[in-house]
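Worksheet for the structure shown next.
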Amino acid sequence: LNVCTVRDQAQEDSLHHVNSLIDLIIASEDPVMSRQKCQQYLNACSTTDTTVYTDYDPSTICTDKKFESVLLGCTLDDQKTIKKRLQALLVYLTQQTIVH
């Protein structure tokens, strides 16, 4: 069974832009800044998930508004995939920060 996500041109462009922004994090030489940016991107993915922030003051949650804007142009399936990708990347970057 093969499932394909149907996207219009604007959604294709948004997905490409999001992937380019994530690629910049991966290519960065500064692991601390990469981890911070990844966390901001992940926060942008989670702003609609109120269960994530039940213990936090919403004013302290830092998101990247540019990333969030581009992300909202993606399909819901793509948004879920991007969130999972960022979660895995954050784990990796956190491990790299601890090692160095």
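According to this note's numbering, the residues represented by the sequence shown are 128 to 227, in order. No residue lacks a Cβ here, since even glycine has one placed at the ideal position from N, Cα and C. These figures come from a predicted structure and were not determined experimentally.
For residue i, the first and last residue of its enclosing alpha helix (DSSP H)
i      : result
Val159 : Pro158 to Cys172
Asp150 : Gln136 to Ala154
Val197 : Lys192 to Leu198
Sub-8 Å separation of residue i and residue j beta-carbons
i      : j      : result
Thr202 : Arg162 : no
Leu213 : Tyr168 : yes
Ser141 : Val197 : yes
Leu216 : Ile152 : yes
Cys165 : Lys210 : no
Thr208 : Val159 : no
Nearest-angstrom beta carbon gap, residue j and residue i [assumed within contact, 8 Å]
i     : j      : result
Asp98 : Thr132 : Since the first and last residues shown for the chain are 128 and 227, residue 98 lies out of range.
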